[in-house]
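Notes to accompany the following structure.
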Amino acid sequence: MTLVAEKENILLQTKPQTKRPAAIAVKNVLFATDFSATSEAALPYAAAICRHFGSTLHAVHVLSDANVLMMTGGVDYVSMGTIYEDAHTEAKEQLDRLAARFADIPFCLYVRHGQVWTNLAGVVEENKVDLIVVGTHGRTGFGKLLLGSVAEDILRHAPCPVLTVGPRVSGRAKLPALCGRDLAPLELEVRQILYATNFGPTSSADAALAASLAEEFRSRLTLLHVMENYAGLGDHPGPIEEGIRRLKELAREQAELQYAPETLLEFGDPAKRIVREANDREADLLVLGARPVHELTGATHLPWSTAHQVIAHATCPVLTIRG
Numbered sequence: 175m176t177l178v179a180e181k182e183n184i185l186l187q188t189k190p191q192t193k194r195p196a197a198i199a200v201k202n203v204l205f206a207t208d209f210s211a212t213s214e215a216a217l218p219y220a221a222a223i224c225r226h227f228g229s230t231l232h233a234v235h236v237l238s239d240a241n242v243l244m245m246t247g248g249v250d251y252v253s254m255g256t257i258y259e260d261a262h263t264e265a266k267e268q269l270d271r272l273a274a275r276f277a278d279i280p281f282c283l284y285v286r287h288g289q290v291w292t293n294l295a296g297v298v299e300e301n302k303v304d305l306i307v308v309g310t311h312g313r314t315g316f317g318k319l320l321l322g323s324v325a326e327d328i329l330r331h332a333p334c335p336v337l338t339v340g341p342r343v344s345g346r347a348k349l350p351a352l353c354g355r356d357l358a359p360l361e362l363e364v365r366q367i368l369y370a371t372n373f374g375p376t377s378s379a380d381a382a383l384a385a386s387l388a389e390e391f392r393s394r395l396t397l398l399h400v401m402e403n404y405a406g407l408g409d410h411p412g413p414i415e416e417g418i419r420r421l422k423e424l425a426r427e428q429a430e431l432q433y434a435p436e437t438l439l440e441f442g443d444p445a446k447r448i449v450r451e452a453n454d455r456e457a458d459l460l461v462l463g464a465r466p467v468h469e470l471t472g473a474t475h476l477p478w479s480t481a482h483q484v485i486a487h488a489t490c491p492v493l494t495i496r497g
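Under the working numbering, the residue at position 51 of the sequence shown is numbered 225, and the numbers go up by one with no gaps.
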């Protein structure tokens, strides 16, 4: 299978005979960059994933009209063509400098012009991208979480899973920054995976994807559900019993893992509890199923606002599956 989610029919695909059978295949990884420190923080993860799976890395920078005009600093250019030519040359040079550190990773570089997601979507479709990796600053303000326009567009529209690396990633989950020509460790270490579910219609498939990653990296997997509305449950424990039952059912579906999945039912604010459990368990990866609010027809996935809060505050990378 590919990470893009033949989620209803997860298959095993074998790597070369020198390696053990792979639980999951990731052939093409897209890394979206604006050359900021935020973007660079995510690059080691994209590179490490490519090294682990033998993937091709597609590094993309999109020149938007607004950003190009800001780069001019008010200078009166002869034509927009000249502005774009200069910006394109500079962007290509920056991508080339990044590529010089990819070492043994096969890669393709792209400088595109126009709307960011429209151009990224073209690269995703042309190359059958399985995974998108992007950094996000995760700043908050006026009660609304701001992930940055690029990360926001990607999360809302990507047809494949998106790995976001937020500003609070730390500890064992934090990969080293660029250093000389060696971009990242040859082996990506993932010991603990936390999958948070809201029991939506694709929760079984999403859990299977988390389990495939646990199998690939020989990780321990925890399945978590957080009950936000728990007033009066002491007198009427039915919802608690149902939540435990559904978690155990998801766990039984992943019974062939090296380590039996652990199940956990928690109460309170979903985003805070998910982030706390990931931190307490020293998770190396958080897996979420999420869908934008305007597409929700009920509690099918974790609410979009919850996913945003988790991404912004998680101390490990977050893999979001947009159902």
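Ideal Cβ placement from N, Cα and C applies to all residues, glycine included.
When the options are compared against residue i, the one with the closest alpha-carbon
i, options, result
"Ala222", "Asp278, Leu237, Lys446", "Asp278"
"Val308", "Ala464, His232, Glu423", "His232"
"Glu363", "Pro375, Arg450, Ala347", "Ala347"
"Phe209", "Glu326, Cys334, Leu269", "Leu269"
"Thr437", "Arg496, Lys422, Lys446, Gln428", "Lys422"
"Asp327", "Ser344, Val290, Ala211, Val303", "Val290"
"Ala486", "Arg342, Ser393, Arg271", "Arg342"
"Thr310", "Ala206, His226, Leu387", "Ala206"
"Asn202", "Val303, Arg392, Glu456, Ala385", "Val303"
"Glu456", "Pro491, Gln483, Phe441", "Pro491"
"Val461", "Asp443, Leu397, Pro435", "Leu397"
"Asn301", "Ile414, Asn403, Thr230", "Thr230"
"Ala197", "Leu439, Asn403, Ala388", "Ala388"
"Val449", "Gly442, Val484, Glu440", "Val484"
"His482", "Leu337, Ala265, Asp260", "Leu337"
"Phe276", "Ala351, Ile414, Arg419", "Ala351"
"Asp458", "Asp443, Phe391, Leu283", "Phe391"
"Ala215", "Ala488, Glu267, Leu349", "Leu349"
"Gln366", "Glu440, Ser377, Ala385, Ile414", "Ala385"
"Asp443", "Asp260, Gly228, Asn403", "Asn403"
"Ser393", "His399, Ala434, Glu415, Arg419", "Ala434"
"Cys224", "Ala211, Thr212, Val200", "Val200"
"Ile414", "His262, Ser213, Phe441, Ala261", "Phe441"
Nearest-angstrom beta carbon gap, residue j and residue i [assumed within contact, 8 Å]
i, j, result
"Ala452", "Leu368", "5 Å"
"Tyr219", "Val339", "6 Å"
"His235", "Val298", "Not quite, the Cβ-Cβ distance comes to about 15 Å (not below 8 Å), so this is no contact."
"Met401", "Gly412", "Incorrect: roughly 12 Å between the Cβ atoms, too far for contact."
"Ser238", "Gly296", "Contact doesn't hold; Cβ gap of about 15 Å is too wide."
"Thr494", "Ala445", "Between Ala445 and Thr494 the Cβ distance is about 13 Å, and since that is not below 8 Å, they are no contact."
"Leu294", "Cys334", "With a Cβ gap of about 11 Å, Leu294 and Cys334 do not count as contacting."
"Leu431", "Leu383", "Actually they do not touch by this definition, with Cβ atoms about 13 Å apart."
"Ala273", "Phe281", "6 Å"
"Arg496", "Ala379", "Their Cβ separation, rounded to whole angstroms, is 13 Å, which puts Arg496 and Ala379 out of contact at 8 Å."
"Gly345", "Gly463", "Between Gly463 and Gly345 the Cβ distance is about 25 Å, and since that is not below 8 Å, they are no contact."
"Glu147", "Ala381", "Because residue 147 is not part of the residues shown, which for the chain are 175 to 497, the question remains open."
"Ser377", "Leu424", "7 Å"
Where residue i falls: helix, strand or coil (DSSP)
i, result
"Glu264", "helix"
"Gly472", "Residue placement at Gly472 is flagged as unreliable, the pLDDT there being 44, under the threshold of 50; the coordinate-derived value follows with that caveat. If DSSP states are grouped into helix, strand and coil, Gly472 belongs with coil."
"His311", "coil"
"Ala273", "helix"
"Glu182", "The pLDDT assigned to Glu182 is 32, lower than 50, so where the model puts this residue is not dependable; a value taken from the coordinates is nonetheless given after this. The answer is coil: DSSP assigns Glu182 none of H, G, I, E or B."
"Gly288", "coil"
"Val303", "coil"
"Thr207", "coil"
"Thr212", "helix"
"Leu320", "The predicted model places Leu320 with a pLDDT of 40, which falls under 50 and marks its position as unreliable; any figure quoted below should be read in that light. In the structure shown, Leu320 sits in coil (DSSP, three-state: anything other than H, G, I, E or B)."
"Thr256", "helix"
"Ala220", "helix"
"Asp458", "coil"
"Ala325", "helix"
"Ala332", "coil"
"Ala197", "coil"
"Ala488", "coil"
"Leu387", "helix"
Bridge-paired residues (DSSP) for residue i
i, result
"Asn202", "Thr230"
"Cys282", "His232"
"Arg394", "Gln366"
"His482", "DSSP lists no partner for His482."
"Gly463", "Ile495"
"Val400", "Glu440"
"Leu237", "His287"
Can you list the alpha helix (DSSP H) stretches of 4 or more residues lying completely in the stretch 417-454, in chain order? Runs of alpha helix (DSSP H) with 4 or more residues, each lying fully within the stretch 417-454, are found at 444-454, listed in chain order.
Could you tell me which whole beta strand (DSSP E) segments of length 3 or greater appear in the stretch 334-385? If you keep only unbroken beta strand (DSSP E) runs of at least 3 residues inside the stretch 334-385, you get 336-339, 366-370.
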